[in-house]
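First comes the structure, then the notes that go with it.
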Amino acid sequence: MVNESKKTMKKGYAPEEVEAKWYAYWEQNKLFAASEQSGQKPFSIVIPPPNVTGVLHMGHSLNITLQDILCRYRRLRGDNVLWMPGTDHAGIATQNVVEKNLALQDTSRHQIGRRKFVEAVWDWRRKYGDAIINQLKSLGASCDWDRERFTMDEGLSRAVRKVFVELYEAGLIYRGNYIINWCPRCQTALAELEVEHEEENGHIYYVHYPLTEAGDGPIVATTRPETMLGDTAVAVHPEDDRFRHLHGRSVVLPLTEREIPVITDSYVDISFGTGALKITPAHDPNDFEIGKIHELPSVRVIGEDGCMTEAAGEKYRGLDRFECRRVVVQDLKDNGLLQKIEDYRHSVGHCYRCQTLVEPNLSKQWFVKTRPLAEQAVKAVENSETKIVPEKWRNDYFKWMEDIRDWCISRQIWWGHPIPAWTCADCGKLIVSFEDPKTCPACGSGQLEQDPDVLDTWFSSALWPFSTMGWPDQTRLLETFYPTSVLVTGFDILFFWVARMMMMGCHFMDEVPFRDVYVHALVRDENGKKMSKSSGNVIDPMVIIEKYGTDALRFTLSAFAAQGRDIKLSEKRIEGYRNFINKLWNAARLTLMHVTQAPGGIDLSTSGLADRWMLSRLKTVANRVAEAIDGYHFNIAANEIYQFVWHEFCDWYLEAAKPALYGKWGEGRQQAALKVSWRVLHDTLILLHPFIPFVTEEIWHLLPGTEGSIMKAVYPSDAAGFDQLPNDPAAEADMALLMEVINGIRNIRGEMNIPPASNLDALVQTDSARHQSLIKNNKALVSNLARLDSLSIEPAGEKPKATATAIVDDLVISVYLKGVIDFARETQRLEKEIAKLDKEIQALLKKLENDDFLSKAPADVIEKARSQYDEYVEKQEKLVNNLDKIKSISEYQ
RNA sequence: GGGCGGAUAGCUCAGGUGGGAGAGCGGCGGCCUUACAAGCCGUAGGUCACAGGUUCGAGCCCUGUUCCGCCUACCA
């Protein structure tokens, strides 16, 4: 049905009444659905899956808004768009949440056992897993929800298994005993990336290690005295003369009875500390390496719970690692072995999930051999199969890939993808297999035990671009939409996620996972601080949405999303853009007061200058907005259209068109104004829809001549007849001149303190025939916007007395001041203007008097400077002329 | 230790390839003008961090300095 005059609009836009309605409408009408097969150009994005435990924060809001802009924009441009949504199972985080719940019920995962625990997690996920998804929906996210995926889904789990087995068979996954980062609270290994380093105030302890025989032993410096219980050597540099006498000798490890050797290794830095380094292979990655080279034993003195082990000795066994440090230090003091303690600032690793101090610990884990995978992933970016935007992130990507270390992928938790590896209890054979094995292929035993560990969540996230599309099956979806068009993400997970997807995509699909990676900024608070619960500076998007509406939030984020710069957000800014939404609403309200049925095509024969100007501007803006989005310049697109809607359409066009709309200028002009305002509103809504989907959909349905959802509209640049829109530089120039004339008169009104209500008489003097007719033809327009009773046009000549003056180009504008003109005020006004011009003129003169400039600068630049100079001088002369007149008149008074 | 980014109006920020700086908010003055006071009209604010250099010409290019961020690193 084509809408006739629909209904009257409220005075102010009320988002809360509108948003839920349209979201439901879009979903019900399947407007977000991608077709697996279509003749349209495919465009695809996979969502960065939020944690199931997650709560929507501003980072998500920005991320989702930008993706939604791209998806809605591409749909409007006629593409077949797939936005693949889903969540990830967030192994450690989710397990933590469920464990906390169990603790509230006075039980624990160990008490209820693994099977029941995993069931409890699934229960939790069924109950609460949709929370973040619903929040994404309230942001307006136009994901294809029927395809929603979860990293623990059957299909994705199959992909994980297949990848694990194939990498293992290719020698790219191995298991081994290495130093890893252990979180004693989460009770699991962490990958290097999952450790956050922070500078902390600590101490450095100087400990005397006595020789077994007579003579002075070395002083060893350490920040972690409790680990000395696990020392298996002291190392010195082979060239260090201070310690030559120690080569080949042994020391007694204080607080224990153990003898440990003094070894030499050039790893030791002679200039640091005392030059003697204690070696603890089980609790320090470097010491581990040195231990391997020198075939030293490893003594694990700290256990998985962060408490000292049996090996730490009777006295220390069972002590918490921090408590143990205090005891060890005290004991060293008591034995006279502690030489001194110094303050020391050093960086310490913390678990990225729970902030607990991580403990480097020796442990048997699974690793991905990343180097070969990284090589392909680097190549793909080098030759631009994948483009990273903004480009500066390329270097970070390359650097990280070049320094990449093997990736520890096993986690000692229960919630996650089980590792498809079994050990034969009888012969010890390790079996890695896609299908669960029944018997040992080596000895035929049926006693097989599956590895109890699960895989790092990021291991499954790394497969997201293809696992969500059905891989390992060769689906139509994959065929249509892989590689995806663009990945939109924050730089904080460039390595965690993007780099790993690149590795897995290149390896398993022989094709990059995405053509573009758009890396956006972080959202910070108004002081530039990272928003965090602990600092209490979090702006909750849901609260903002409730208060200002989703569109306001989205438009704010877009308008501030300049490439490569963080967004500092404050409510004040959101309020400003809420006002913009309301402005748009009211522009529609005014338009729809007059446009009550769909006007036909645009007929320029009865149009006015403002009409032609507006259409010309519309065309330019539509192209610019599209161009900006294509280049991921969301802020430019948003600002371009903001400026256009508010300061051109509303401030100038609608104001100029009012008399025409009210029929004061006759049928023809009225028709033209109706058509143009309809057209501008119509096209503007489409341009704005990707940014502010709700209000645009609402107005769309109120706009006569539209049918169905705005999501089905054709983008202005693609619409039939777009090319016919006038690109009219003459109209733009003429309109610009008239605007200046109007501004000149308004300035007089403002500066001379003339009440807006009183209408004025004005005279324009010029010898230019073109300008004379321009003013004549647009007398009504100027009079209306400048609030004039009369406007007369004359050739240049004597300026009337008792008038205030404005100069525009060659036009001398005189405003008759009823009653007594305030000469002092007008003098002041003119002097100010003259002084301003003087500055410009001096600057130009300096240039034009410079021979170097005249001989070396390009001709067009010189020409521009000359004409500008002439213009300013002429204008100034006229102003001076008028100033003189004012002065002479005022003297007679 | 290495790397990257930033410093522009009171505040927050824009300023493709160098031709004399813009917006929003805030300030000030005036308006309830029949779409909007979440508004309208007018207006004032800047040696573009500092010091050099290249150039006829630098916010933009080069060098150095200062002050902030961020990333990264195994110096005990």
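Under this note's numbering, residues 110 to 1002 are what the first sequence spells out, in order. Cβ atoms here follow ideal geometry from the backbone N, Cα and C, with glycine treated the same way. A quick note: this is a predicted structure, and the numbers were derived from the prediction, not measured.
From the options, pick the residue whose C-alpha is nearest to that of residue i; which is it?
i, options, result
"D396", "P158, D374 and G382", "D374"
"R698", "S667, T805 and L596", "T805"
"D931", "L364, I998, F669 and H306", "I998"
"P1008", "V891, E368 and S247", "For the chain, the structure presents residues 110 to 1002; residue 1008 sits outside this window and is missing."
"L678", "P406, Q146 and S170", "S170"
"V541", "A966, N862, A871 and R270", "R270"
"Y506", "S519, V891, E491 and W516", "E491"
"F753", "L718, C460, G772 and V789", "V789"
"V917", "R855, F664 and I602", "R855"
"V734", "V785, S826, Y283 and G859", "S826"
"G777", "G817, I795, S716 and M337", "S716"
"N444", "H455, T365 and V924", "T365"
"G555", "C533, V563 and S570", "C533"
"A952", "D969, A974 and V970", "A974"
From the DSSP output, read off the bridge partner residues of residue i.
i, result
"C517", "F476"
"E368", "V361"
"S923", "L872 and T914"
"V316", "V329 and L447"
"I282", "V477"
"H306", "G458"
"V227", "Note: V227 sits in no beta bridge, so no partner."
"K656", "Looking at the DSSP assignment, K656 forms no beta bridge with any residue, so it has no partner."
"G599", "H629"
"F259", "T196"
"G1005", "Outside the shown range of the chain (110 to 1002) lies residue 1005, about which nothing can therefore be said."
Using only the alpha-carbon positions, how far apart do residue i and residue j sit?
i, j, result
"P469", "W291", "6 Å"
"S114", "R721", "In this prediction, S114 has a pLDDT of 43, which is less than 50 and means its spatial position is unreliable; nothing more can be read from the coordinates."
"M110", "T577", "For M110, the pLDDT reaches just 34, beneath the cut-off of 50, and the residue's location in the model is therefore unreliable, although a value from the coordinates is still provided. Answer to the nearest angstrom: the Cα atoms are 39 Å apart."
"A229", "V377", "51 Å"
"E69", "R938", "Only positions 110 to 1002 of the chain appear in the structure, and residue 69 is not among them; the question remains open."
"Q214", "I201", "20 Å"
"W509", "P838", "51 Å"
"T495", "C615", "11 Å"
"L165", "A268", "28 Å"
"N691", "G121", "6 Å"
"T174", "G740", "16 Å"
"C416", "K150", "60 Å"
"P708", "M118", "20 Å"
"F800", "V924", "44 Å"
If we count the other Cβ atoms within 10 Å of its Cβ and call it buried at 16 or more, is residue i buried or exposed?
i, result
"R435", "exposed"
"V652", "exposed"
"M611", "buried"
"L539", "exposed"
"C552", "exposed"
"K987", "buried"
"I241", "buried"
"Y425", "buried"
"L587", "buried"
"Q137", "exposed"
"Q204", "buried"
"M261", "buried"
"V467", "buried"
"I372", "buried"
"A719", "buried"
"G772", "exposed"
"T548", "exposed"
Check whether the Cβ of residue i sits closer than 7 Å to any heavy atom of the ligand FAD, and report yes or no.
i, result
"C549", "The model on display carries no ligand, and the ligand FAD is accordingly not part of it."
Kindly give me the distance between the Cβ atoms of residue i and residue j, rounded to whole angstroms, as I take these residues to be in contact under 8 Å.
i, j, result
"I379", "A342", "Their Cβ separation, rounded to whole angstroms, is 17 Å, which puts I379 and A342 out of contact at 8 Å."
"D512", "V477", "Between V477 and D512 the Cβ distance is about 16 Å, and since that is not below 8 Å, they are no contact."
"F758", "A696", "6 Å"
"A668", "N748", "6 Å"
"S786", "A765", "With a Cβ gap of about 11 Å, S786 and A765 do not count as contacting."
"P158", "T196", "5 Å"
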